[in-house]
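**Q** Residues in the sequence shown are numbered from 92 upward in steps of one, following my numbering.
We treat Cβ as the ideally placed atom computed from N, Cα and C, and that holds for glycine.
From a predicted model like this one, the values you see are computed outputs, not experimental measurements.
Have a look at this one.
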Amino acid sequence: FLRMAIDMAYAEEVNELENHWSEDPNDERVVLLTNEVAKIMTNMLARNMKAANYPVDFGDGKKLSPLGEKYSAMLVAKSKCRTELKKDGSDSTWMTFRDTLLSEFASIFTNTKPVPLSGHWMELSGNKLD
């Protein structure tokens with residue numbers, strides 16, 4: 092997973108494989124790796140936040156705090172927004188990742204859930220966001 096992001100030759104080889112398990116977001120290996128990547132990214136952020144004396148505690152770079160765990164879970168949910176879009180689904184003509192279900196998202200500070208958009212993302216115009 093991480094190697095595909097930094098080694099383009101490796102990524103091209105994997106992309107040429109037919110029906111590779113990494114193309115299935117529900118494959119247990121993909122789920123595991125997605126969670127691990129989110130934790131690695133959050134630990135890196137936590138370490139940098141500590142070094143910068145940032146006033147929010149995501150952990151120490153080795154172990155995530157409860158807030159860091161929430162943030163990591165949100166990174167996983169964010170990745171699902173794209174992978175759960177169905178190319179041939181009935182909503183595929185209008186749905187973007189911004190139109191996906193919001194049930195897994197909440198403020199890491201207040202647990203406040205987001206409100207849905209007033210219409211399809213691509214059809215919103217001007218200030219009609221409420």
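At 3 residues or longer, and completely inside the region 94-139: list those beta strand (DSSP E) runs for me, N to C.
**A** Fully enclosed beta strand (DSSP E) runs of 3 or longer: not present.
**Q** Pick helix, strand or coil for L155, following the three-state DSSP scheme.
**A** Strand at L155.
**Q** Quick one: is S198 buried, meaning 16 or more other Cβ sit within 10 Å of its Cβ, or exposed?
**A** Classification of S198: exposed, given that the 10 Å Cβ count is below 16.
**Q** Based on the DSSP secondary-structure assignment, which residues constitute the bridge partners of G180?
**A** Answer is none; G180 lacks a bridge partner.
**Q** Rounding to the nearest angstrom, what Cα-Cα distance links R94 and Y101 in this structure?
**A** So the two alpha carbons sit approximately 7 angstroms from each other.
**Q** Can you give me the Cβ contacts of M165 inside the same chain, cut-off strictly under 6 angstroms, excluding the 5 residues immediately before and after it?
**A** Around M165: no qualifying Cβ.
**Q** Judging by CA-CA distance, which residue of W112, S170 and L136 is the nearest neighbour of N126?
**A** The shortest Cα separation from N126 among W112, S170 and L136 belongs to S170.
**Q** Output needed for H111: all residues of its chain with C-beta closer than 8 angstroms, excluding positions within five of it in sequence on either side, in chain order.
**A** Within the same chain, H111 has close Cβ partners V105.
**Q** For M132, which residues from the same chain have a beta carbon less than 7 angstroms from its beta carbon, with the 5 sequence-adjacent residues on both sides left out?
**A** If we look at M132 and ignore the five residues flanking it on each side, its Cβ neighbours are L166.
**Q** Between E175 and the rest of its own chain, which residues show a CB-CB distance below 7 angstroms, the 5 nearest in sequence each way excluded?
**A** So the list reads T191, once near-sequence residues are dropped.
**Q** Can you tell me whether N134 is buried or exposed, with buried defined as 16 or more other CB within 10 angstroms of its CB?
**A** Result: buried.
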